[in-house]
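Chains A, B, C and D, in that order, are what the protein sequence lines are. Take 0 as the starting number for the first sequence in numbering that gives the first Met the number 0 and just add one per residue. Take 0 as the starting number for the second sequence in numbering that gives the first Met the number 0 and just add one per residue. Take 0 as the starting number for the third sequence in numbering that gives the first Met the number 0 and just add one per residue. Take 0 as the starting number for the fourth sequence in numbering that gives the first Met the number 0 and just add one per residue. To start, the structure itself, in structure tokens.
There are 4 protein chains.
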Amino acid sequence: MSYEHEIRVTWADCDPARIAYTGRIPNWALDAINGFWEDLLDGDGWYQMELDRNFGTPFVHMSIDFRSPVTPRHRLICEVVPVRLGTTSITFRVVGRQGGTLCFEGEFVNVFTQADVFRKAPPPADVREKIEAVLQPQPAQ
Amino acid sequence: MSYEHEIRVTWADCDPARIAYTGRIPNWALDAINGFWEDLLDGDGWYQMELDRNFGTPFVHMSIDFRSPVTPRHRLICEVVPVRLGTTSITFRVVGRQGGTLCFEGEFVNVFTQADVFRKAPPPADVREKIEAVLQPQPAQ
Amino acid sequence: MSYEHEIRVTWADCDPARIAYTGRIPNWALDAINGFWEDLLDGDGWYQMELDRNFGTPFVHMSIDFRSPVTPRHRLICEVVPVRLGTTSITFRVVGRQGGTLCFEGEFVNVFTQADVFRKAPPPADVREKIEAVLQPQPAQ
Amino acid sequence: MSYEHEIRVTWADCDPARIAYTGRIPNWALDAINGFWEDLLDGDGWYQMELDRNFGTPFVHMSIDFRSPVTPRHRLICEVVPVRLGTTSITFRVVGRQGGTLCFEGEFVNVFTQADVFRKAPPPADVREKIEAVLQPQPAQ
């Protein structure tokens with residue numbers, strides 16, 4: 000039961016090749032990860048995590064393979080899975096599909112910070128617990 | 000019964016003042032107008048209108064009043080109403096609200112074109128008919 | 000001698016009609032206004048105004064007429080002129096041209112705020128003085 | 000002598016943490032790669048490559064390490080170096096720095112296509128020659 004995030008791809012996202020511009024795709028993956036947090040934390044995404052819960056998750060790495068063009072012909076479904084959880088870091092795997100076709104897949108690494116001082120720090124205990132409940136460890140690739 | 004388009008406002012949309020960056024707002028109004036077309040034309044937005052139906056609706060004017068900041072605290076509901084329909088033009092009123100509070104209101108004017116030649120032209124007859132069925136004429140302001 | 004801001008229009012900005020997507024244009028006008036401030040205030044744009052000088056300029060209104068498509072064939076030159084200065088507000092006229100052709104023209108109204116409390120307030124005296132030196136009052140349209 | 004692309008980072012790019020939003024960074028790397036092509040091909044970027052020269056360079060992979068936050072305090076200088084050239088592919092290394100500090104580094108892989116049929120194809124011979132003249136092969140990492 001992974002979290003799935005739906006994106007409406009539109010004209011606004013497409014370039015003259017009539018497919019979504021490449022630069023849109025990492026942004027959608029990020030939107031999907033934010034959606035994962037909203038889903039996990041009772042509606043709280045990055046904004047509430049930083050401002051209300053005083054922890055942040057800045058990105059230290061992203062890696063994406065683009066498999067098929069994304070178009071406005073279908074909604075884009077982004078599956079988000081936390082695959083590794085360290086003391087002060089988390090790794091997500093995000094897979095984007097349209098009409099069943101694999102469009103992109105990527106890995107995204109965040110570190111946890113105490114937001115008000117922008118310093119690395121373990122996440123709040125209740126957050127760690129909730130992540131552990133949905134973690135799907137995967138063999139390193 | 001106006002068309003309402005829901006936007007997930009997130010961290011990604013906010014500037015250091017902790018509210019949505021102004022430049023995001025016209026883009027959301029445009030997304031909402033595209034959503035209006037999808038709703039009116041059985042799922043066909045600007046992309047399908049241009050590529051499958053060979054008509055376009057380039058913008059010739061936009062005017063927006065910003066009434067209250069937009070934040071990630073609520074979904075942003077954009078109400079889209081076609082308020083004037085000329086032979087080769089259409090005017091939309093778009094009103095954005097969050098939790099019942101008016102955030103912005105604007106007027107957007109498009110001309111209809113034959114897409115493959117990028118030339119002004121009346122919209123297809125079936126499209127005109129569908130617009131007329133939802134038109135809510137308003138006194139000029 | 001108005002401030003002119005140059006924009007590199009690229010593939011990334013274009014939609015399947017092979018012209019810049021409408022939603023990019025208000026963003027460029029905003030970039031140009033930010034550039035005007037950088038030019039006026041020794042390199043300080045909105046970011047430094049808010050964080051270092053403790054005043055902000057949120058938008059209350061924008062109005063744009065789109066005259067010709069914007070394309071990557073030329074740089075886009077945005078001329079920015081402050082045309083009205085009130086006690087707590089400022090109005091800019093922004094005109095975008097490519098290769099001498101008028102592409103868009105618009106009017107943008109900001110209010111001045113004290114940034115840390117997000118409350119309307121007159122701008123710092125030295126800022127007012129610098130604006131007055133470049134103000135080009137225009138008859139209301 | 001690598002190509003360097005300058006980005007004006009502004010308020011518009013920053014999130015409530017007062018640093019550039021992560022999703023902006025891959026877009027800047029892409030802008031820089033487009034700038035590399037403009038520099039190599041007498042002003043022709045992706046737009047002119049596709050429309051005038053009938054070849055495209057869709058992305059198949061990107062990988063970015065984020066080393067330090069990007070802010071509006073300095074211009075962002077993106078160094079772009081083609082590091083591998085295959086029969087129908089090219090790999091770029093892009094390194095972003097601000098005031099001498101390393102902000103991010105990444106690798107981007109494109110395939111060459113014949114644009115009008117969107118099919119993999121070697122690049123035009125004159126383009127290959129120009130790339131070879133600036134290629135800086137690097138050991139695989």
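Note that the Cβ used here is the ideal one computed from N, Cα and C, for glycine as well.
Contact check for glutamate 37 of chain A against alanine 114 of chain A fails: the beta carbons are separated by 8 Å or more. At a Cβ-Cβ threshold of 8 Å, glutamate 78 of chain D and glutamate 131 of chain D do not count as neighbours. DSSP places arginine 118 of chain D within a strand segment (E or B) once states are collapsed to three. The Cβ of tyrosine 20 of chain D sits closer than 8 Å to at least one Cβ of chain B.
Of all C-beta pairs linking the region 76–93 of chain B to the region 114–127 of chain B, three or more are shorter than 8 Å, placing the two stretches in contact. For proline 15 of chain D, the nearest beta carbon of chain B is closer than 8 Å to its own beta carbon. Pairing arginine 96 of chain C with threonine 21 of chain C, the inter-Cα distance amounts to about 15 Å. At a beta-carbon threshold of 7 Å, none of the residues of chain B lie near proline 123 of chain A; the nearest stands roughly 18 Å away. Selection B:Pro25, B:Pro71, B:Asn53 evaluated against histidine 60 of chain B yields B:Pro25 as nearest (Cα-Cα). Membership of glutamine 47 of chain D in the alpha helix (DSSP H) is indicated by the continuous run 45–50. Around the beta carbon of alanine 19 of chain D, 16 or more other beta carbons sit within 10 angstroms, so the residue counts as buried. Residue state for isoleucine 63 of chain B is assigned as strand, using DSSP reduced to three classes. Our two residues, proline 15 of chain D and threonine 70 of chain D, have alpha carbons roughly 12 Å apart in a direct line.
Contact with chain B is found for isoleucine 63 of chain C, since one of that chain's Cβ atoms lies less than 8 Å from the residue's Cβ. Taking a Cβ-Cβ threshold of 9 Å, the residues of chain A close to proline 25 of chain D are Thr21, Gly22, Ile24, Pro25, Asn26, Met61, Ile63, in chain order. Per the C-alpha coordinates, the member of B:Pro81, B:Val80, B:Leu75, B:Ala124 positioned closest to cysteine 102 of chain B is B:Leu75. The Cβ atoms of glutamate 104 of chain D and valine 94 of chain D lie closer than 8 Å to each other. Counting C-beta atoms within 10 angstroms of its own C-beta, threonine 112 of chain A has 16 or more neighbours from the protein chains shown and is therefore classed as buried. If the five residues before and after proline 136 of chain D are omitted, its C-beta is found closer than 8 Å to the C-beta atoms of Val82, Arg83, all from its own chain and listed in chain order. In this chain, arginine 74 of chain C is not harboured by any alpha helix (DSSP H), its DSSP state being neither H nor E. The C-beta distance from threonine 9 of chain C to aspartate 30 of chain D rounds to 7 Å, short enough to meet the 8 Å contact threshold. Judged by beta-carbon spacing, alanine 11 of chain C lies beyond the 8 Å limit of asparagine 109 of chain D, meaning their Cβ atoms are not closer than that value. Between alanine 124 of chain C and the set C:Asn53, C:His73, C:Pro68, the nearest pair of CA atoms involves C:Asn53.
By the Cβ neighbour-count rule, glycine 55 of chain D is buried, with 16 or more other Cβ atoms within 10 Å of its own. The secondary-structure analysis by DSSP pairs glutamate 131 of chain D with nothing; it has no beta-bridge partner. Excluding sequence positions up to five before and after proline 68 of chain D, its CB lies within less than 6 Å of the CB of Ile18, all in the same chain and listed in chain order.
Boundaries of the alpha helix (DSSP H) around phenylalanine 35 of chain B: 23–39. At a beta-carbon threshold of 7 Å, the residues of chain A lying near glutamate 49 of chain D are Pro15, Ala16, ordered along the chain. Under a criterion of Cβ atoms nearer than 9 Å, the residues of chain D adjacent to alanine 11 of chain B are, in order, Asp14, Tyr20, Thr21, Gly22.
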